[in-house]
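Since the structure comes first, as structure tokens, the remarks are kept for the end.
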Amino acid sequence: EADIYQTPRYLVIGTGKKITLECSQTMGHDKMYWYQQDPGMELHLIHYSYGVNSTEKGDLSSESTVSRIRTEHFPLTLESARPSHTSQYLCASSEGTNEKLFFGSGTQLSVL
Amino acid sequence: GENVEQHPSTLSVQEGDSAVIKCTYSDSASNYFPWYKQELGKRPQLIIDIRSNVGEKKDQRIAVTLNKTAKHFSLHITETQPEDSAVYFCAPFISNFGNEKLTFGTGTRLTIIP
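See below:
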């Protein structure tokens, strides 16, 4: 089934660890996004990509990095996690000429 | 950048009554106006959208109205049901060639009282 998948769903790690949040979509969408969201609060864009080898920083400053080597894959990496990174991270995608966003189920990250 | 405000931030409505959420934006270049619904613990999902050349759109119990002159659009939910309880986000979108930007509002928490 065409969808957008995020793993892991929940992650609890210690300070200083390197982590990668995975996001894959099987809809063939060109555009992909990472949002950070505290429970029930507004969504903050931290990274986006308009296609392979294209990555841009979003409105909210983030210490994370992203890569887009394949159309379907848009992983987010934190080199050294800190408690301030505790949040939910939502991946989304959209078709090239369509503004409608499709979201993944999110990764809830807790840094101790 | 685009300034987006939603009002109210929280709304409690008796089941069966109507709910209205308003979204105000600042950039007159915005030309696509969606509403997303996020239930507790779930992902945001598009529930209705409208383009700048249309003033109103309806889909069963939900509708969106647009006032481009005043730069605001509203979500209307009639005959509210418990499953309408969620956080709703507006996200006005600028779609000009070479300049695309979507900005989410701060969200409105809607609670339907049985």
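Respectively, the protein sequence lines represent chains A and B.
Numbers 308 to 419, taken from the numbering used here, label the letters of the first sequence in order.
Numbers 7 to 120, taken from the numbering used here, label the letters of the second sequence in order.
Even for Gly, the Cβ is constructed at its ideal location relative to N, Cα and C.
> Using the rule of at least 16 other Cβ atoms within 10 Å of the residue's Cβ for burial, across every protein chain shown, is L408/A buried or exposed?
Replying inline: For this step, residue 408/A is matched to residue 101 along the first sequence. The residue in question, L408/A, is buried, as its Cβ has 16 or more Cβ neighbours within 10 Å.
> So, S34/B versus N9/B, is the Cβ gap smaller than 8 Å?
Replying inline: Residue mapping note: residue 34/B aligns to position 28 of the second sequence, counting from 1. Residue mapping note: residue 9/B aligns to position 3 of the second sequence, counting from 1. No, the Cβ-Cβ distance between S34/B and N9/B is not below 8 Å.
> Which parts of the segment 13 to 53 of chain B are runs of the beta strand (DSSP E), unbroken and 3 residues or longer, counting only runs that do not cross its ends?
Replying inline: Correct list: 16 to 20, 25 to 31, 38 to 44.
>> Within the continuous beta strand (DSSP E) that includes V70/B, where are the two ends?
In response: Numbered from 1 along the second sequence, position 64 holds the residue referred to as residue 70/B. Looking at the DSSP string, the run of the beta strand (DSSP E) that includes V70/B is 68 to 73.
>> Counting C-beta neighbours from all protein chains within 10 Å, is the total for E402/A 16 or more, i.e. buried, or is it exposed?
In response: The residue labelled residue 402/A in the question sits at position 95 within the first sequence. So E402/A counts as exposed.
>> For the ligand FMN, I want to know if G111/B counts as a neighbour, meaning its beta carbon is within less than 7 Å of at least one of the ligand's heavy atoms.
In response: Absence of the ligand FMN is noted for the structure shown, with no ligands found whatsoever.
> What span of residues does the beta strand (DSSP E) with F381/A cover, start to end?
Replying inline: For the purposes of this step, residue 381/A is taken as residue 74 along the first sequence, with counting starting at 1. It is not in any beta strand (DSSP E) - F381/A carries neither H nor E in the DSSP assignment.
> What residue range is occupied by the uninterrupted beta strand (DSSP E) comprising S394/A?
Replying inline: Here the question's residue 394/A lines up with position 87 in the first sequence. Run containing S394/A: 394 to 401, per the beta strand (DSSP E) assignment.
> Name the DSSP bridge partner or partners of A92/B?
Replying inline: Start at 1 with the first residue of the second sequence, and residue 92/B comes out as number 86. Per DSSP, L116/B.
> Can a CB atom of chain B be found closer than 8 Å to the CB of M339/A?
Replying inline: What you label residue 339/A is simply residue 32 of the first sequence in a count that begins at 1. No, its Cβ sits nowhere closer than 8 Å to a Cβ of chain B.
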